[in-house]
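This report concerns only the one structure given below.
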Amino acid sequence: MTRKKKQEVELSKEEAAEIFQMSVNDFLKKIKDFKIPVSKSGNYSEEVLEKYFQKPEVNSHLSKIIAISNQKGGEGKTTISLFLSEALSLESKVLLVDWDPQANATRLFVNDPERTVFDCLGYRKNEKVSVETAIIRVNSNLHLLPSSLSLANFTTAFERDDFELLKDALLPILSSYDFIIIDCPPSLGLGLENALIAADYILVPVQTRAFSVQGLKDLHETIQKIQQRANPKLKLLGAIFNQYEGNRALAGLSETVKKYFPVFKTNIYRKESIPQAQAKRKMLNACDKDTYRSFLELAKEVRSKINV
3 MTRKKKQEVE
13 LSKEEAAEIF
23 QMSVNDFLKK
33 IKDFKIPVSK
43 SGNYSEEVLE
53 KYFQKPEVNS
63 HLSKIIAISN
73 QKGGEGKTTI
83 SLFLSEALSL
93 ESKVLLVDWD
103 PQANATRLFV
113 NDPERTVFDC
123 LGYRKNEKVS
133 VETAIIRVNS
143 NLHLLPSSLS
153 LANFTTAFER
163 DDFELLKDAL
173 LPILSSYDFI
183 IIDCPPSLGL
193 GLENALIAAD
203 YILVPVQTRA
213 FSVQGLKDLH
223 ETIQKIQQRA
233 NPKLKLLGAI
243 FNQYEGNRAL
253 AGLSETVKKY
263 FPVFKTNIYR
273 KESIPQAQAK
283 RKMLNACDKD
293 TYRSFLELAK
303 EVRSKINV
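Have a look at this one:
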């Protein structure tokens, strides 16, 4: 009886890197080191690759990556990133990625980090460091990947892979955290596109002011572009009203925002304790337990939307 030959499956470098959970650059380096042959189509035999690489277990734990983004400045991205991370870390292991060259989240914990997220990118052929060596431990459940002004140089894509540098940098630690929160820069461009390509979800902070809705259409269009072209798994968690003032909030604001984003039930009210906590370089739970409870409610709603 003739044995039926197993159908050979070929993988592109991008598919293989994702399956074996490494960056494309690291995958190609190992291909070169192991002298693994490439087919005429430029792909690789899955059967051959499995002899050199070990697939992660199907049930292996992977982080839920949430980008906190609004292209408009002053909407509270860093506030939401910081204190949502704090609230989630009560029950889960969380990495806060400061992806803003202003480095406001970083300065809450450290003035001059030795290594930052920019050093982990390998941008423009610069030598890159392992992301693990740049991470700072805030407490047992909350870690920080710090930023610095050097990230302001990350503006122009010189190669196709430049759009996935953050995604590649985070790949080695995806099984180390329950949540990765990305505090995005207040602009559209290469930085935001990297964050949205790396992320599973996006959350949009909006202050309850008339001009806070400006730019939401552009942000929504950017998200749709990323979903269609680069990251089809990106999901929109919704908009969170920040510095909310109850009845003083503009009546039509919610309906305007809902044209582009679903709106969270939880609101973060305007409280002096929030900027005071940041000025004192303290976590919110140490300054205002009532406001901290609002972030615990937000964390609960986030978990519910993600089904975890």
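When we follow this note's numbering, the leftmost residue of the sequence shown carries the number 3, and every step to the right adds one. Beta carbons: idealized from backbone N, C-alpha and C, even for Gly. As the structure is a computational prediction, the values presented were derived from the model and not from experiment.
Next on the checklist: Using a Cβ-Cβ cutoff of less than 6 Å, which residues in the same chain neighbour Asn233 once the five nearest sequence positions on both sides are dropped?
Outcome noted: Ile199
Checklist entry - Taking the continuous beta strand (DSSP E) assigned at Ala241, which residues delimit it? => result Lys237 to Asn244
Item to check | Spatial distance of Asp185 from Lys95 (CA atoms) | outcome: 17 Å
Checklist entry - Between which two residues does the beta strand (DSSP E) carrying Tyr179 extend? => result It is not in any beta strand (DSSP E) - Tyr179 carries neither H nor E in the DSSP assignment.
Item to check | Own chain residues within Cβ distance below 8 Å of Ser178, not counting five before or after | outcome: Ser65, Lys95 and Leu97
Next on the checklist: Please report the straight-line C-alpha distance between Thr80 and Glu195, rounded to a whole angstrom.
Outcome noted: 18 Å
Item to check | Cα-Cα separation, Ser150 to Leu190 | outcome: 19 Å
Checklist entry - Three or more beta-carbon pairs under 8 Å between the region 287–306 and the region 98–109, yes or no? => result no
Checklist entry - Can you tell me whether Pro187 is buried or exposed, with buried defined as 16 or more other CB within 10 angstroms of its CB? => result buried
Item to check | Phe29 vs Ala18 beta-carbon contact at 7 Å | outcome: yes
Item to check | Among Asp164, Tyr294, Glu93 and Gln209, the one whose alpha carbon lies nearest that of Leu144 | outcome: Glu93
Next on the checklist: So, at 6 Å on beta carbons, what are the nonlocal neighbours of Val11 in its own chain, with the 5 sequence-adjacent residues on each side left out?
Outcome noted: Glu48
Checklist entry - Once you ignore the five residues that flank Asn45 on each side, which residues in its own chain have a CB closer than 7 Å to its CB? => result Glu12, Leu13 and Ser14
Checklist entry - Would Asn115 be called buried (16 or more neighbouring beta carbons within 10 Å of its own) or exposed? => result With the sequence shown as reference, residue 115 is identified as Pro, and Asn is not the correct amino acid for it. The residue is buried, with at least 16 neighbouring Cβ atoms inside 10 Å.
Item to check | Beta-bridge pairing of Lys66 - partner residues as DSSP gives them | outcome: Phe181
Next on the checklist: As a quick exercise: from Leu236, Ala107 and Gln73, pick the residue whose alpha carbon is nearest that of Leu192.
Outcome noted: Gln73
Next on the checklist: The alpha helix (DSSP H) that contains Gln56, what's its start and end?
Outcome noted: Per DSSP, Gln56 belongs to no alpha helix (DSSP H) and is neither H nor E.
Next on the checklist: By the three-class DSSP mapping on this structure, what secondary structure does Arg117 have?
Outcome noted: coil
Checklist entry - Going straight from the alpha carbon of Leu90 to that of Phe181, what length do you get? => result 8 Å
Item to check | Cβ neighbour criterion (16 or more within 10 Å) applied to Glu88 | outcome: buried
Item to check | Glu223 versus Lys235: straight-line alpha-carbon distance, rounded | outcome: 16 Å
Item to check | Nearest residue (CA-CA) to Leu110, options Leu123, Arg283 and Cys289 | outcome: Arg283
Checklist entry - Opposite Leu98 in the DSSP bridges: which residues? => result Leu146 and Ile183
Checklist entry - Under three-state DSSP, which class holds Glu303? => result helix
Checklist entry - In terms of DSSP beta bridges, what is Gln209 paired with? => result Asn244
Next on the checklist: Residues in the same chain with beta-carbon distance under 7 Å from Glu20, minus the five sequence neighbours each way, listed in chain order, please.
Outcome noted: none
Item to check | Assigned exposure category for Glu166 - 16 Cβ within 10 Å defines buried | outcome: buried
Checklist entry - Does DSSP put Ile137 in a helix, in a strand, or in coil? => result coil
Checklist entry - Pro103 to His63, Cα distance in whole Å? => result 30 Å
Next on the checklist: Since Asn134 and Ile183 should fall inside the 8 Å C-beta cutoff, what is the C-beta to C-beta distance between them, to a whole number of angstroms?
Outcome noted: Checking the displayed sequence, the identity of residue 134 turns out to be Glu instead of Asn. At roughly 18 Å, the Cβ-Cβ gap does not stay under 8 Å, so Glu134 and Ile183 are not in contact.
Checklist entry - Quick one: what does DSSP say Arg204 is sitting in, helix, strand or coil? => result At residue 204 the sequence reads Ile, which differs from the Arg that was named. It is a strand residue.
Next on the checklist: I'd like to check one pair, Met24 with Leu205: are the Cβ atoms closer than 7 Å?
Outcome noted: no
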